[in-house]
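Chains as they are written, first to last, in my numbering: chain A, 12 to 158; chain B, 80 to 157. Beta carbons are placed, not taken as given, at the ideal position from N, Cα and C, and that holds for glycine.
Right under this line is the structure:
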């Protein structure tokens, strides 16, 4: 499939439970779907050198990130029999306990939805030009690096 | 004369105190990086990838006016 348009994935601030719920509800009229897979990335209160993380402030090279995401999306649609795929990533401050990434894949059967969701998350972590400043409770910070 | 815009992201932007600058009269990406390292020694101690017009490049590449070079420290999305 190559007809997908480049669309934004970025949301200012956290991805809320209501937002996720609405996106799920939007799929109830799509009766060819048999399974969804959802990944939610959540900000952890890591303790680093005795200091506790209170949130992550995300920034991105948005123009490049949207092109990279478009490529990942195309690759996954080519590889798996998917009905649809939605990706949202936060920018700005996301506090601990809040969600910063939402990947939502749907297909006729479970396997393509589950596999593509996992692969999408792994590729986002590795390929998307997004940066995160881990802000501690005392307002000092360090820059997070994905493993 | 080539004018290239250079973007710095994440900790690079923070430590350099600016998120962008322009380089005049440069011919290649290696030349730009070498000039930047001389002017901003902090770049010698950081890890980053280089993107030219939003595509990651891994070797020296000629540049022309209007192109955008970006220095991308390790990613932390997700």
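In three-state DSSP terms, what is residue i?
i: residue 31 of chain A; result: helix
i: residue 103 of chain B; result: strand
i: residue 65 of chain A; result: strand
i: residue 48 of chain A; result: strand
Is residue i a contact residue of the ligand NAD, with contact defined as CB to any heavy atom under 7 Å?
i: residue 40 of chain A; result: No copy of the ligand NAD appears in this structure; indeed no ligand is present at all.
Residue i CB to nearest chain A CB: under 8 Å?
i: residue 155 of chain B; result: yes
i: residue 79 of chain B; result: Not covered by the structure: residue 79 of chain B. The range shown for chain B is 80 to 157.
i: residue 133 of chain B; result: yes
Give me the chain A residues within the contact set of residue i, using Cβ-Cβ distance strictly less than 8 Å, ordered along the chain.
i: residue 114 of chain B; result: What residue 114 of chain B touches in chain A: nothing, since even the nearest Cβ is about 21 Å away.
Can you list the residues of chain B that residue i reaches, using a CB-CB cut of under 8 Å?
i: residue 143 of chain A; result: 155 and 156
i: residue 135 of chain A; result: 156 and 157
i: residue 72 of chain A; result: 86, 88, 130, 133, 149 and 151
i: residue 97 of chain A; result: In chain order: nothing, as chain B lies at least about 16 Å away.
i: residue 112 of chain A; result: 156 and 157
Using CA coordinates, which residue listed in the options is at the minimum distance from residue i?
i: residue 47 of chain A; options: A:92, A:110 and A:135; result: A:92
i: residue 94 of chain A; options: A:57, A:85 and A:43; result: A:43
i: residue 80 of chain B; options: B:103, B:92, B:111 and B:88; result: B:103
i: residue 65 of chain B; options: B:110, B:147 and B:150; result: Within the shown structure, residues of chain B are numbered from 80 to 157, placing residue 65 of chain B beyond reach of any answer.
i: residue 151 of chain B; options: A:139, A:56, A:62 and A:24; result: A:139
i: residue 142 of chain B; options: B:118, B:157, B:126 and B:101; result: B:101
So which residues on chain B does residue i lean against when the C-beta distance must stay under 7 Å?
i: residue 52 of chain A; result: 157
Going along chain B in order, which residues have a C-beta closer than 9 Å to the C-beta of residue i?
i: residue 157 of chain A; result: 153, 154, 155, 156 and 157
i: residue 132 of chain A; result: 157
i: residue 100 of chain A; result: 156 and 157
With a threshold of 8 Å between beta-carbons, can residue i be considered close to chain B, or not?
i: residue 49 of chain A; result: no
i: residue 75 of chain A; result: yes
i: residue 140 of chain A; result: yes
i: residue 148 of chain A; result: no
i: residue 78 of chain A; result: yes
i: residue 104 of chain A; result: no
Note down, in chain order, every chain A residue with its Cβ under 9 Å from the Cβ of residue i.
i: residue 20 of chain B; result: Chain B is shown only over 80 to 157; residue 20 of chain B falls outside these bounds and no answer can be derived.
Could you list which residues in chain A have their beta carbon closer than 7 Å to that of residue i, in chain order?
i: residue 90 of chain B; result: 154
Quiz item: Where in the region 67-102 of chain A do unbroken runs of the alpha helix (DSSP H), each at least 4 residues long, occur, reported from the N-terminal end onward?
Solution: 73-90
Quiz prompt | Length-filtered (4 minimum) alpha helix (DSSP H) runs lying within the region 101-152 of chain A | solution = You should have 121-138.
Quiz item: What are the start and end residues of each continuous alpha helix (DSSP H) run of 4 or more residues lying completely inside the region 90-142 of chain B, in chain order?
Solution: The qualifying runs are 108-118.
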